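Student: Residue numbers (our numbering): 370 to 449. For glycine and all other residues, C-beta sits at the position ideal for the given N, C-alpha and C. Here the structure is a predicted model, which is why all the values come from computation and not from measurement. Encoded as structure tokens, here's the structure I'll be asking about.
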């Protein structure tokens, strides 16, 4: 099982989903933890969908501070 924890310091850049998917595919990442994505709400959900994982949980950013996203695929295991 490969778990990546990344202090990405912002996920709002247009190239972020594509570059992140490249990393996930190259290293066969099972769980991706993104720290300080600095976006939240509907915009964060759009980015999460683009990353290609079937499930995710988020702690919302407050303004441009913080936030944590955990993404995974349910066909590999369950997180509760």
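(1) Could you pull out every residue in the same chain whose Cβ sits closer than 7 Å to the Cβ of residue 435, ignoring the five residues on either side in sequence?
(2) Just the Cα atoms here: how many angstroms apart are residue 443 and residue 432?
(3) Relative to the alpha-carbon of residue 422, which residue among 445, 378, 376, 382 has its alpha-carbon at the smallest distance?
(4) Run the CB neighbour count on residue 484, radius 10 Å, all protein chains shown included, and call it buried at 16 or more, exposed below.
(5) Buried or exposed: residue 398, going by 16 or more other Cβ atoms within 10 Å of its Cβ?
Tutor: Taking the coordinates as given:
(1) These residues qualify, in order along the chain: 405.
(2) Going from the Cα of residue 443 to the Cα of residue 432 covers about 30 Å.
(3) Selected option, being the one with the closest Cα: 445.
(4) Not covered by the structure: residue 484. The range shown for the chain is 370 to 449.
(5) Residue 398 counts as buried, since no fewer than 16 other beta carbons sit within 10 angstroms of its beta carbon.
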